[in-house]
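*Asks:* Below you'll find the structure I mean.
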Amino acid sequence: MEVNRVLHMNGGEGEASYASNSSLQRAVITMVKPILEETILDLVSDEAFLASKVLCIADLGCSSGPNSLSVISHIVDTITTTCHKQHRQPPEFQVLLNDLPGNDFNTVFKSLPSFYDKLKREVIKGGRAVLTLTGRRTDDPSCDENCVPWKMITLALKDIAEEGHIEEAQIDSFNFPYYAPSATEVQDIILLQGSFSLTRLEGFEIGWDSNMTTGNTSFDNLMRARYVSKYVRAISEPMLSSHFGAFVMDALFRRHIERVVELYNKEEPKFNSLVITLIRK
-7 MEVNRVLHMN GGEGEASYAS NSSLQRAVIT MVKPILEETI LDLVSDEAFL
43 ASKVLCIADL GCSSGPNSLS VISHIVDTIT TTCHKQHRQP PEFQVLLNDL
93 PGNDFNTVFK SLPSFYDKLK REVIKGGRAV LTLTGRRTDD PSCDENCVPW
143 KMITLALKDI AEEGHIEEAQ IDSFNFPYYA PSATEVQDII LLQGSFSLTR
193 LEGFEIGWDS NMTTGNTSFD NLMRARYVSK YVRAISEPML SSHFGAFVMD
243 ALFRRHIERV VELYNKEEPK FNSLVITLIR K
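Encoded structure:
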C-alpha cells in the first residue's frame, strides 16, 4: 500500500463521502472558534500585520468537503470586519489548501509538495498558527483511549475474516498511519523545533456522536453507530479498500456498525483533542 496514494478522504458528494460525513469535524471547529477569533484579533494588532499588504492563510487539514472553506471564510470575514472598524484597508488574501497529491479535490494543486518544504520560511515573524488535532490525556504511549475507533475497525475486520471475506494474514500486514500525541509530546516538539512560541495548549473532549443531536431529537444506539461508521468510512475507506479490496467494504462497515453499537451499550465514547496556538519567532 502506497500511503501517499491512498491517504486521503473519500471524494465526491455521495453517501460515503467526506463532504457528506464531516459534521463531527465541524463541531470541533465550532468549539475552537473563540480561540481562532482571539488569535486573529491578536494578529491584526501586530506591527508586522499593520505593515503588510498581503496575508497568506494556509489550511493544513485535508482540504476536502465544506469545512476548509468555511474556516477560511471566517478568517477573512473577521479580519475584513476588524479592518473596516479601524478604518483601514484590508490586506490582499492568499489562500493555500493542503492535501496529498492525487486527491481528487486538489487536481489543480499538484505543486503542493513544495509547500511543505517552504512552510517554515513562508510563516513570517509574528505569523500565527491555530492547530486542532486528536491527542491523548496521558503521557503513556500504550494508553489506548484514542485507538478505540480503530479497534472497532480491527474487530470488524476479524469478523469478516471469520466469514471468509478476507484472510487473517491481511489483517496482520495492515498498518494504519495514526498517532495521537500527548500535550507534553506536542510541547516538546515545538520547543525542540524552535521556530514558534507556544501561546496556548489545551485539551478537550468531544463525543463520537457530536453534531448529530438537534433540538429535542433523540437517537438510539444503532442510529448513533451508523453516524459514527459513516464518518469513519469517509476517512479510512481509501486505505482499507486499497489493502483489503473494495468488494468487502460494505460487509466490513456493516460489522463495524454492530461493533460500535456494542460499545455504545457499555459507554459513551469520546475523542480527546488538543488545540494549539503558535507565534512564529
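Per my numbering, the sequence shown starts with residue -7, numbered consecutively.
By construction, the Cβ of each residue, glycine as well, lies at the ideal position given by its N, Cα and C atoms.
1. According to DSSP, simplified to helix, strand and coil, what is D132?
2. Based on DSSP bridge pairs, tell me the residues matched to N264.
3. From the DSSP output, in three-state form, read off Q179 for me.
4. Report the residue from V267, D164, S62, I158 whose alpha carbon sits nearest the alpha carbon of P173.
5. From this set, L147, F168, Y171, which residue's C-alpha is nearest E160's C-alpha?
6. Beta-carbon within less than 6 Å of S233's beta-carbon, same chain only, minus the 5 sequence neighbours each way: which residues are those?
7. Tell whether a beta-carbon distance below 9 Å holds between I249 and L214.
8. Taking 8 Å as the cut-off, does the segment 215 to 234 touch the segment 249 to 260 (at least 3 CB pairs, one atom from each stretch)?
9. On a CA-only basis, which of E84, G6, W200 is nearest I291? Give me that one, please.
10. Could you tell me the boundaries of the alpha helix (DSSP H) in which R120 lies?
11. Of the residues L149, V87, T269, E137, which one's Cα is nearest the Cα of W200?
12. Compute the Euclidean distance between the alpha carbons of A121 and L16, then round it to the nearest angstrom.
13. What does the alpha-carbon distance come out to for the pair Q162 and F236?
14. Would you identify the three-state DSSP class for F85, choosing helix, strand or coil?
15. Taking the continuous beta strand (DSSP E) assigned at C48, which residues delimit it?
16. Report, in whole angstroms, the separation of the C-beta atoms of I71 and V36, which I expect to be a contact under 8 Å.
17. Please tell me whether G118 and E39 are closer than 9 Å, where the distance is taken between their beta carbons.
18. Just the Cα atoms here: how many angstroms apart are T74 and I271?
19. What whole-angstrom Cβ distance do P141 and V224 have, given they're in contact under 8 Å?
20. Within 10 angstroms of the Cβ of S106, are there 16 or more other Cβ atoms? Answer buried if so, exposed if not.
21. Give the secondary structure of F188 by DSSP, where H, G and I count as helix, E and B as strand, and everything else as coil.
22. Residues in its own chain within less than 7 Å of F166 by CB, not counting five upstream and five downstream?
23. Along the alpha helix (DSSP H) that carries R246, what are the first and last residues, could you check?
24. Report the option in E229, S228, I145, G127 whose CA atom is closest to the CA atom of I198.
25. When the Cα atoms are used, what is the spatial distance from T124 to A43?
26. With distance defined between alpha-carbon atoms, name the residue in E154, C135, D131 nearest to V178.
27. For P133, count neighbouring C-beta atoms within 10 Å of its own C-beta (all shown protein chains included) and say buried if the count is 16 or more, exposed if not.
*Replies:* On the basis of the supplied data:
1. coil
2. DSSP, once it has assigned bridges, lists E197 as partnering N264.
3. helix
4. V267
5. L147
6. Exclusion of the five residues before and after S233 leaves M241 as the residues of its chain whose Cβ lies within less than 6 Å of its Cβ.
7. yes
8. yes
9. An answer regarding residue 291 cannot be provided, because it is not within the stretch -7 to 273 covered by the chain.
10. Per DSSP, R120 is not a residue of any alpha helix (DSSP H); the beta strand (DSSP E) it occupies stretches across 120 to 126.
11. Minimum Cα distance to W200 is reached at E137.
12. Each residue's Cα considered, the two are about 22 Å apart.
13. 7 Å
14. strand
15. 46 to 51
16. 6 Å
17. yes
18. Cα to Cα, T74 sits roughly 20 Å from I271.
19. With a Cβ gap of about 6 Å, P141 and V224 count as contacting.
20. Caution applies to S106, whose pLDDT of 43 falls short of 50 and renders its modelled position unreliable; the value that the coordinates give is listed next. Exposed: under 16 other Cβ atoms inside 10 Å.
21. Under the three-state reduction of DSSP output, F188 falls in the strand class.
22. Short of 7 Å from the beta carbon of F166, and not among the five residues preceding or following it, lie these beta carbons of its own chain, in chain order: H235.
23. 241 to 256
24. G127
25. So the alpha carbons of these two residues sit roughly 29 Å apart.
26. D131
27. exposed
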